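These notes are about the structure you will find just below.
Numbering (our numbering), first residue to last: 13 to 366.
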């Protein structure tokens, strides 16, 4: 029977728990810690023999370098957002300490996001055919990592309906392959991460476009060979759109020289005519944006790990330490059944591979 490894997207689980019903220990919010522990315990109960890795986000600077607006909306820009972010941030040391005391391995690379770590681990672990992986994340970017033996599940869905496998991939995503799914996201862009799309190809049309052409590369080849012509401006831009100018910048390059032999009305008509001709000549940036988005979004061939930027806490089961953390956070519901609560973690100790 294949050995299961569970890769947990720490901040996906943490933020979901943080935005549940508020809990407090004094003035400090504690719901993120409480919810995180409950989620990991449930996973451990369901999968007593699995290896569990909790993956934390570092800062993937290369993404910000390629797309300066990357995740800019996530910057706390109001007092309420600042307070909420700080309330979550204050709970992180407790989450990490509690997981460590339960014997759970945690991994952080200061130059990678958790997504990248998942890509690296999937590639490494699945070299062994006797392995399978559960990707535990609410982030659909992880879906591109699905292959035979690798499934994705959004743990925020308590009905367990948001599970995508290699076998149900087309049904659940509308794309034939994980690579097509990635290309679809690169075409659309990602509003949650503030990554612009190519324009004119959205959530509904991207799967249809890729189903028709197979891939963006094949579409471009067919255009280059003259086999097909782009159906619209968006497709033309995807084929040839490598302009260094945005549409607004291109428009600003236009200059109309007034013809004094014409009336004001005639000059206005001529101005509009020439401006339209100028704008029709704009090839767009679709192709460049797609290439950039693929580099930003892809997790299949992630940047390699660098030892000096890597932090691994293999965890060491310590009941006294865990009790102290729960007492400090006033988790009476856990303390009242402490032996029962930690039992799944204790049972996993002989088989938990760190």
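Glycine residues also receive a C-beta, built at the ideal position from the N, C-alpha and C atoms. The model shown is predicted, which means the values in this text are computed figures rather than measured ones.
Distances from the CA of residue 157 to each of 140, 135, 169 were compared; the closest alpha carbon is that of 135. In the structure shown, the three-state DSSP call for residue 274 is coil. Residue range 43 to 58 is occupied by the alpha helix (DSSP H) that includes residue 53, with no beta strand (DSSP E) assigned at that position.
With contacts defined by Cβ atoms closer than 8 Å, residue 149 and residue 24 form a contacting pair. Just so you know, the alpha carbons of residue 52 and residue 105 end up roughly 16 Å apart.
When the five nearest sequence neighbours on each side are left out, the beta carbons in the same chain lying within less than 6 Å of the beta carbon of residue 26 are those of 44, 48, in order along the chain.
Boundaries of the beta strand (DSSP E) around residue 325: 322 to 325. Membership of residue 207 in any alpha helix (DSSP H) is not indicated, and neither H nor E is assigned to it by DSSP. Nearest C-alpha to residue 255 among 189, 240, 301: 301. Taking C-beta separations shorter than 6 Å and ignoring five residues to either side along the sequence, the partners of residue 190 in its chain run 156, 158, following chain order.
In the pairwise beta carbon analysis, the region 316 to 332 is classified as not touching the region 218 to 228: fewer than three pairs are separated by under 8 Å.
With fewer than 16 other CB atoms across the displayed protein chains lying within 10 angstroms of its CB, residue 39 is exposed. Partner residues in a beta bridge of residue 309, as assigned by DSSP, do not exist. Counting C-beta pairs with one atom in each stretch, the region 188 to 207 and the region 215 to 222 have three or more that are closer than 8 Å, which means they touch. Counting only the Cα atoms, residue 305 lies some 7 Å from residue 207. DSSP, read as helix, strand or coil, puts residue 37 in strand.
Within the model, the alpha-carbon separation for residue 20 versus residue 95 is close to 26 Å. Two segments are said to touch when three or more pairs of C-beta atoms, one from each, lie closer than 8 Å; by this definition the region 61 to 69 touches the region 113 to 124. Two segments are said to touch when three or more pairs of C-beta atoms, one from each, lie closer than 8 Å; by this definition the region 327 to 343 does not touch the region 272 to 291.
For residue 234, the uninterrupted alpha helix (DSSP H) segment begins and ends at 228 to 237.
Taking the Cα positions, residue 107 is about 9 Å away from residue 337. By the neighbour-count criterion, in which a residue is buried when 16 or more other Cβ atoms sit within 10 angstroms of its Cβ, residue 309 is buried. If you draw a straight line from the Cα of residue 275 to the Cα of residue 281, it comes to about 10 Å. When DSSP states are grouped into helix, strand and coil, residue 87 belongs to the coil group. Fewer than three beta-carbon pairs drawn from the region 77 to 90 and the region 136 to 148 are found closer than 8 Å, and the two stretches are therefore not classed as touching.
According to the DSSP assignment, residue 165 belongs to the beta strand (DSSP E) that extends over 162 to 165.
Residue burial annotation: residue 41 is buried, with at least 16 other C-beta atoms found within 10 angstroms of its C-beta. Rounded to whole angstroms, the Cβ separation of residue 131 and residue 14 is 20 Å, and the two are not in contact under 8 Å. Here residue 124 is buried: its Cβ has 16 or more other Cβ atoms, across all protein chains shown, within 10 Å.
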